[in-house]
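Count the sequence shown with my numbering and you get residues 824 to 966, in order. Let me begin by presenting the structure, written as structure tokens, before commenting on it.
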Amino acid sequence: MTDNKPRWIYRFNNFQRAYTLLREAMEEKADHKLNSLEKEGVIQRFEYSIELAWKTLKDYLEYQNVVFSQVTPRVVIKEAFAANIIDGQVWMNALDARNKMSHTYDESKFEEVIEDIQNSYFPAMEELYFKFLKYVQEEGYSE
Numbered sequence: 824m825t826d827n828k829p830r831w832i833y834r835f836n837n838f839q840r841a842y843t844l845l846r847e848a849m850e851e852k853a854d855h856k857l858n859s860l861e862k863e864g865v866i867q868r869f870e871y872s873i874e875l876a877w878k879t880l881k882d883y884l885e886y887q888n889v890v891f892s893q894v895t896p897r898v899v900i901k902e903a904f905a906a907n908i909i910d911g912q913v914w915m916n917a918l919d920a921r922n923k924m925s926h927t928y929d930e931s932k933f934e935e936v937i938e939d940i941q942n943s944y945f946p947a948m949e950e951l952y953f954k955f956l957k958y959v960q961e962e963g964y965s966e
């Protein structure tokens with residue numbers, strides 16, 4: 824990193840790309856019934872979007888001088904909720920879904936989680952995306 828951008832800005836750029844790919848998948852789902860391969864793609868995009876989201880939150884909170892006793896996704900989500908950045912329960916549910924999908928290859932579970940992504944987790948991620956976009960602009964780092 825040769826410029827003076829905070830670390831969370833770089834992390835947000837990665838999250839932004841992941842969010843855009845997940846949004847694309849959600850648009851595809853709205854257009855037609857997904858086949859098995861497409862469902863797996865939605866789950867994969869969801870998993871790495873959640874990963875980048877909580878890591879962006881961590882970096883942003885650290886930039887705001889929040890000190891973590893330990894750094895885990897759950898701790899970061901709780902701190903982000905305490906800072907009024909996210910709805911903690913939705914994000915905890917999303918994290919649980921991500922963890923479940925990392926160890927499950929059950930078609931019915933895929934269907935259930937994809938519906939939850941569409942109805943709950945993606946809207947929460949979209950809200951976070953726009954919140955971070957606003958923070959980026961406020962910090963004067965808009966592209």
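Don't be surprised by glycine CBs; every beta carbon is placed ideally from N, CA and C. These numbers were taken from a predicted model, which means no experiment stands behind them.
- Cβ-Cβ separation between Ala-841 and Leu-875: approximately 5 Å, consistent with a contact (criterion under 8 Å).
- For the pair Leu-844 and Met-948, the Cα-to-Cα distance works out to about 12 Å.
- For the options Ile-866, Arg-834 and Lys-856, the alpha carbon positioned closest to that of Asn-922 is the one of Ile-866.
- Unbroken alpha helix (DSSP H) runs of no fewer than 4 residues, entirely contained in the stretch 898–947, are found at 911–924 and 930–939, following chain order.
- The alpha-carbon of Asn-836 is positioned some 23 Å away from that of Met-915.
- The three-state secondary structure of Pro-896, taken from DSSP, is helix.
- Exclusion of the five residues before and after Ser-965 leaves Val-959 as the residues of its chain whose Cβ lies within less than 7 Å of its Cβ.
- Inclusion of Gln-941 and Lys-852 in the CB contact set at 8 Å is warranted, their separation being smaller than that value.
- Under the three-state reduction of DSSP output, Lys-954 falls in the helix class.
- Leu-860 counts as exposed, since fewer than 16 other C-beta atoms from the protein chains shown sit within 10 angstroms of its C-beta.
- Non-local beta-carbon contacts of Leu-951 in its own chain, meaning distances under 7 Å to residues more than five positions away in sequence, involve Ala-876 and Ile-909 in chain order.
- The beta carbons of Val-898 and Ala-920 sit no closer together than 8 Å.
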